[in-house]
Structures are given as structure tokens and as C-alpha cells.
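Numbers in my numbering are just positions in the sequence shown, counted from 1, shifted up by 428. Here a beta-carbon is modelled for each residue, glycine too, at the ideal position from N, C-alpha and C. Since we're looking at a predicted model, the values are computed, not measured. First the structure, in the form of C-alpha cells, and then the observations on it.
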Amino acid sequence: MDDKITGFEITNAGLYSTIQDFGRNRSRFFAVPSSGVMDHNAATYANQILSNLIDHPIIECNLSGMGLQFHHEMNIALTGADFGWKLNGNTVDLNTKILVIRGDKLTGGFSHDKARGYIAFDKELQENKVLGSYSTYPLAKIGANQGRILRKGDIIKISEKKSLSLAQAAPVIIKDKNQDIIKIQKGPEWDLLSPSSKRKFCMLEYQISSRSDRMAAHLKTTEQLDLQEYPKYSNCIIPGMIQLNYHGELMVILRDGQTTGGYPRVVYITHDNLNLFNQILPHRNFKFELQ
């Protein structure tokens, strides 16, 4: 262990771990995706546990945990998916403040309940903002960690925290909601769906396919949906919108998703329900409910 390192080292990068915050609120005007954490509720809770500002930069783990070796004493918090986290081989709890000291090793495996987990720190991560955010967007190579996913051997340097949360009240645990039903609303191009597709839209069971990523979730179902008319122009796209492509496949636009698109926006998932959707594991059945 290097005595000169102040921070922590990535010993196992997991499947697709990145540094995120709440994203770039105004970047879509410049055709840059907002990025940011996939589950705002879980990320907020992790930062509240440590009295951080709620958009303090945080590590997001996707589908699996990761490994960290700490070179500095600090407090951390783990929320979201239960990756079977262990500190020096001993199981540690989610949703609580955990003291780590120099030489400690955090490890995590795979989750059977949710897709995304978060690691928060009560220190400043020495990373650079791009367009007002630390959020990593690998496609454009912008954000923290030189705009790329975390890799084994990466060193994340830290410093003392500059600011505390404005609200010091104890964090409120957000109760898990039913992932079997995702509530949706009609999109701008809902009426382009054929009558039969409208009728069966909320009757079908869906699964998130393994082709999905932070840009879009590709959905699988037993019956193909179809359009009675095609849109004439491209339109703006925001996270939560669900497009139907010309092969009858649904795509849910996520945090790193494009800002414009030509496929019809047949329905959309509101912000709170998108947090819930982003925790559904691939190949797990769920249905939509039209509000």
C-alpha cells in the first residue's frame, strides 16, 4: 500500500461503475445528455446519511458491486442494491454510516433485488466538473475520472469536505415500492399507436434486455406493438420517454440518452417512477400502468 496516497484505490471495477452526481441540468440545449445518477432517491439517501449536499459526487455501481482499498480514514454509506458488501471480509449494512480506516478493503458481489447501488463519501472527491457537473459521460469522455468508467488501479484522491448539507435532520428512509408495476403517462405520439397496441400496452409483461445501458433500456415482450402512422419529424427526447421503433420494440430513454430522436414517443415515465424503473434487474417481469 502506497503511504503517499490520500484517497482510495479501485481494486475491482465491477461491471460499469462511474462517478455521478445529479447531472447537467441545462446541457440538453447543447445536445449533451444530462447524465447523473440513475436512482435519485437512493443517491440522495446515501449523501444525507453523511450530511453531504444531496448532489455530492458519488459512485454508482451497475448490476454488481466493486472493490475499494482505502488509504485514508473516512466515513462511507452504501445504499440501493444489496451487493453483499463486506469490509475486510465482514458483512456491513446498507443505509448506515460506516467508518473506514487506512488499509480497509470494501468488496461487493452481485445483487438479487435491484440493479444499482451507491457508495457515498464524507470527503471531497478531487475531480473536475464539466458543464457544471461531475457526472461521467463516457461516450463524450467528460466528467469525473477523465470522463471514463472506473477501472482497476484507478486512484481517486480526496480532500476535506468544504460544505455540509443545509438540512441536518436525520435522513428519511424511502420505502421500496412495487417494481412489478411501473406507472406511465401518454406520450406526445400516443395516438400514432394502432388501436390494438393501445389496448394491449398495459396488458403485456415486459423485461429489460441485456442490450440495455445507461443510454436506453431495450424492452422485450411476447407480442409486437405497431404504429398506424409514422412521425414526420424528429423531436426532443428526455429521460423517461419511451419510444417505439419501426421493428415494434420499445426503448426507455435513460440518463445518458440522446437529446433528439425520430421514433414516436408513445408514453413516458415520470421522474419518481423512473427511479423505480432504473432499479429493475434485467429479465425480470413487470407491467406498465397508464395513469
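Selection from the options that minimises the alpha carbon distance to residue i
i	options	result
residue 536	492, 554, 500	492
residue 622	507, 643, 658, 524	658
residue 553	701, 501, 585	585
residue 683	706, 434, 512, 676	706
residue 629	645, 650, 646, 638	650
residue 701	517, 576, 610	610
residue 451	614, 475, 557, 604	557
residue 549	688, 526, 613	526
residue 530	497, 523, 514	497
residue 459	505, 663, 445	663
residue 640	470, 665, 483, 685	685
Whole-Å CB distance - residue i paired with residue j, under 8 Å assumed
i	j	result
residue 681	residue 667	6 Å
residue 533	residue 472	No, residue 533 and residue 472 are not in contact; Cβ-Cβ is about 27 Å, not under 8 Å.
residue 467	residue 703	5 Å
residue 456	residue 687	5 Å
Local Cβ density within 10 Å of residue i, reported as buried at 16 or more and exposed below that
i	result
residue 606	exposed
residue 490	buried
residue 595	For residue 595, the pLDDT reaches just 49, beneath the cut-off of 50, and the residue's location in the model is therefore unreliable, although a value from the coordinates is still provided. By the 10 Å Cβ count, residue 595 comes out exposed.
residue 544	buried
residue 642	buried
residue 568	exposed
residue 661	exposed
residue 619	exposed
Opposing strand residues paired with residue i [DSSP bridges]
i	result
residue 635	648
residue 535	495, 514
residue 688	664
residue 505	525, 548
residue 489	545
residue 480	Bridge partners of residue 480: none, in fact.
Under the three-state DSSP convention, the category residue i falls into
i	result
residue 546	strand
residue 575	helix
residue 450	coil
residue 611	strand
residue 456	helix
residue 671	strand
residue 469	helix
residue 585	strand
Interface flag, residue i vs chain D, CB-CB below 7 Å
i	result
residue 445	Included in the structure is just one protein chain, with no chain D present.
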